[in-house]
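Okay, structure first, notes after.
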Amino acid sequence: MADEKNSEGKISGLRTRAEETLSSRQFDKEEVSALSPEEIQRLVHELRVHQIELEMQNEDLRQAQVNLEELKDRYLDLYDFAPVGYLTLNDKGFILEANLTAVRLLGEERQNLIETFFSRFVSQEDGDTFHLHLQQALETQSKQTCEIKLVRKDGTDFYAQIESVAVQDESGQFNRWRTIVLDISERKRVEESLHEAYEFRDTLMNAIPAPLFYKDTDGRYIGFNKSFEKFYGKTQEELMGKSVFDIAPRDLAEVYHAQDVELLRSPGIQVYDSQVKTALGAFRDVVYHKSTFTDTQGHVLGLIGVIFDITERKKAEEALKEAKDFLDRIINSITDPVFVKNQEHEWVLLNEAYCNFMGYSREDLVGRSDYDFFPRSEADVFWDKDEIVFRTGQDINTERFTDRNGVIHTIVTKKSLYADPSGKRYIVGVIRDITEIERADVDRRNLESQLRQAQKMEAVGTLAGGIAHDFNNLLTVVLGFSELLLLGKDERDPSYADLQKINQAARSGADLTKRILTFSRKGESNPHPLNLNHEIKRAKKLLTRTIPKMIEVELVLSDGLPAINGDPTQIEQVLLNLAVNAGHAMPDGGRLIIETQPVTLDEEYCRIIPGSKPGDYVMLSVSDTGHGMDHETLTHIFEPFFTTKEIGKGTGLGLAMVYGIVTQQGGHITCYSEPGVGTTFKIYLPVVSPEGKSETTTDKPALATGTETVLLVDDEECIRDLGKRILERSGYTVLTASNGKEALHLYKKERHKISLVILDLMMPEMGGKECLKELLRIHPNVKVLIASGFAADGQTRETLAIKAKGFVGKPYNMRQMLQSVRKVLDAT
Ligand code: ADP
Ligand code: MG
């Protein structure tokens, strides 16, 4: 355009000069005739110059013309090949003018395009839009833009941006439009795919159940998913562009903000635990994952965050932990050691009992194996046993195990295989330490055998006692009658010596039965408190006389020994029997040690030793350095008639008697012996209780006589006769009854006459005890003497306690019997 103006200026300049020249010189005929030749000459010259000038001007003009043409072509080229379509529309919307681009865009020949209604190319749906567009351009007198879809002649379409401006026509009226058509299909396509990408992004984000957001560097939310909205219970509008301070409690918001600032300062990824308040006001445990995002140049644009709600997971973890704790407590409350080994034979789980059992802490043990704690040979065995379990599923073994302190245990280990869901295999083992049980078992077996022994002794005692009792009665008769006969005979009588022999033999027999009765604890004894040391010293004289000279007797007596209840004669008997046996065991001499010592026996001891009771005792031990005995002999020694000695040398009654005497005093006896080493007997006698003092009978007065009536009750005729004879000889009147019933009957009838009843305890039908009760019912002050071959044993004592006035031993000792009778009768 600038060039066009310039060339126009030049042309007008040329014209002005030619006109000037022509108009400045107006010549008429008179003037020309009046001219001098010089003047004409000058004029011709001027004309020539003028002509030349004109020719030159002509040339300029032609050049300007050419330039103009070129300009026009260039302009047309520009117009036609501009990247946008140029159209001029008239007031009806017909195309007046179109550049080549427009022609190409609309796909119609130019000549066909001119005078065509432009709306023909506007898609149906955009017809109104386009119409309105033109209208507005006209009304506003300013450029208007719209985007519509155009349809080419061949039916294909494209998006176009239309720009129109109203222009004047030749008459100066605004009734045509200059319209530019821009193909924006590419842009639209990009926009669409961008839109698709956004759609995809939003769908993706919304499909993620975890709340998700992104913010700009100022901390303003510029995007988030539905979960995020739901999490905070806010709408998109309430969140978009807001900061954390708008949606979270201030204290939490400050924390988040600080985290964000930190992350923006050093971009990367940030993960942290937190707590948030949800829409419902509940606090949830969450994990935040945040990372910065950048533009293509790497400038940080903001940050993306994902919130993982781990409340449920935490709860599950807690529940799991609780369950684990619960299991731990259970496994630890198991008192048997429990362990779990993995396939490498390493301990992975142990209960407390196992750690205690091993004597190591759990930390010491876990991850280690048997080889770290046991000798190689032992560990090899455990390893092999484990392998058996891996092969067969289970195994039970009884093993010896030496603990950390060197104590040997007997253990039963039960192992079984366990495979976890992932297929890893483990051995679960439970150990039972049966050391104590085994020990207790041995104890029990000992106890049982001891008990059996005691029962046997008891049975033998009862048997022997019964025989001895009957035998004693017989001897009583023999002894009694022989004494009666002797009383009435003169020493010179030829039968006197014979009678005396009978009497003597009966006495010996009575002595023997007395020994048996002593063993069976049914013999007579006269116990009273005494000092054992004292008795031992007294008996020592007798011992040294009895046992061979080559045997040394040593006394080791403890000072300040408490008193025991005992019969000195019996004590002497015990010492003598033990010493004699010791002497037999040391034919070539040796030592006999007699020892005393106060001891207190506890429950534990009494559990093991049958017949013993806890309490204070005096221990008497008698030891020798003789040949000792084997175990078999040891189990029989207290049995009556058990002897290992040749006939004539041993009776087998020595230890039986000792046993009887000791048990009668509430004590017990033990024996320890080793073949070739020696033997020790230990006798425990209970310390006397202060109230247990029994009186000693002082006898020796002349035969006591009387005139009263005595009722003598005994089931054995001989005894009755003997008693009757003894009493009658001393002046008494004697009534007899053979059992309790008869006695009661008689007593009821003759009650006023009868001053005393002598009552046998053991009778058929009604025994002495029952009879006594009945008698007491009839007469509470009835005087009754209990007669018994058994010493003041349990039953007798019991009967005495009921109300009997005294006791008379059988066989009747004439002097003693009369004395007891007199004593009871005289008592008030
Ligand atoms: P006896 O002496 O008549 O054989 P005892 O009852 O006194 O009967 O003893 C029974 C048995 O006990 C003896 O035969 C003997 O085998 C054994 N005995 C007793 N005391 C001892 C001892 N001090 N050393 C070795 N054996 C003993
Ligand atoms: Mg003996």
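Reminder that position 70 of the sequence shown reads as 70 in the working numbering, one-by-one numbering, no gaps.
Here a beta-carbon is modelled for each residue, glycine too, at the ideal position from N, C-alpha and C.
Quick one: using the 10 Å Cβ neighbour count with 16 as the cut-off for buried, is residue i buried or exposed?
i, result
"residue 830", "The requested residue 830 does not occur in the structure, where the chain is confined to residues 1 to 828."
"residue 699", "For residue 699, the predicted model reports a pLDDT of 36, less than 50, meaning its position is unreliable; a value from the coordinates is still stated below. Result: exposed."
"residue 442", "exposed"
"residue 407", "exposed"
"residue 816", "exposed"
"residue 58", "exposed"
"residue 515", "buried"
"residue 696", "With a pLDDT of only 36 at residue 696, under 50, the local geometry of the prediction cannot be trusted, and the value read off the model is given with reservation. So residue 696 ends up on the exposed side."
"residue 312", "exposed"
"residue 538", "exposed"
"residue 111", "exposed"
"residue 814", "buried"
"residue 89", "buried"
"residue 566", "buried"
"residue 74", "exposed"
"residue 283", "exposed"
Might you give, ordered along the chain, the residues of its own chain that have their beta carbon closer than 7 Å to the beta carbon of residue i, omitting 5 neighbours on each side?
i, result
"residue 182", "84, 160 and 161"
"residue 244", "219, 253, 256 and 257"
"residue 656", "519, 638, 639 and 640"
"residue 558", "596, 597 and 598"
"residue 295", "301"
"residue 666", "686"
Could you name the residues of the same chain whose beta carbon sits closer than 6 Å to that of residue i, not counting the 5 residues immediately before and after it, in chain order?
i, result
"residue 430", "336, 338 and 414"
"residue 774", "744"
"residue 489", "496"
"residue 589", "550 and 551"
"residue 662", "669 and 683"
"residue 727", "710 and 734"
"residue 168", "174"
From the options, pick the residue whose C-alpha is nearest to that of residue i; which is it?
i, options, result
"residue 211", "241, 260, 252 and 276", "276"
"residue 200", "711, 218 and 225", "225"
"residue 352", "536, 365 and 332", "332"
"residue 392", "419, 400 and 408", "419"
"residue 686", "581, 706 and 597", "597"
"residue 292", "319, 361, 216 and 274", "216"
"residue 427", "631, 776, 478 and 350", "350"
"residue 543", "574, 361 and 119", "574"
"residue 898", "492, 459, 504 and 464", "The first residue shown for the chain is 1 and the last is 828, placing residue 898 beyond what the model contains."
"residue 534", "511, 546 and 569", "569"
"residue 858", "151, 142, 141 and 109", "Only positions 1 to 828 of the chain appear in the structure, and residue 858 is not among them; the question remains open."
"residue 242", "231, 223 and 230", "223"
Cβ of residue i versus every heavy atom of ligand 1: is any distance shorter than 6 Å?
i, result
"residue 433", "no"
"residue 624", "yes"
"residue 670", "no"
"residue 353", "no"
"residue 335", "no"
"residue 550", "no"
"residue 637", "yes"
"residue 650", "yes"
"residue 682", "no"
"residue 619", "no"
"residue 581", "yes"
"residue 645", "yes"
"residue 464", "no"
"residue 762", "no"
"residue 629", "yes"
"residue 663", "no"
"residue 679", "yes"
"residue 787", "no"
Hey, is residue i close to ligand 4, as in C-beta under 6 Å from one of its heavy atoms?
i, result
"residue 655", "Ligand 4 is not part of the structure shown, which contains ligand 1 and ligand 2 as its ligands."
Since residue i and residue j should fall inside the 8 Å C-beta cutoff, what is the C-beta to C-beta distance between them, to a whole number of angstroms?
i, j, result
"residue 285", "residue 314", "5 Å"
"residue 552", "residue 592", "7 Å"
"residue 303", "residue 264", "7 Å"
"residue 531", "residue 576", "At roughly 19 Å, the Cβ-Cβ gap does not stay under 8 Å, so residue 531 and residue 576 are not in contact."
"residue 305", "residue 213", "5 Å"
"residue 704", "residue 822", "4 Å"
"residue 510", "residue 482", "Between residue 482 and residue 510 the Cβ distance is about 12 Å, and since that is not below 8 Å, they are no contact."
Excluding five sequence neighbours on each side, which residues of the same chain lie with their C-beta closer than 8 Å to the C-beta of residue i?
i, result
"residue 404", "358, 359 and 360"
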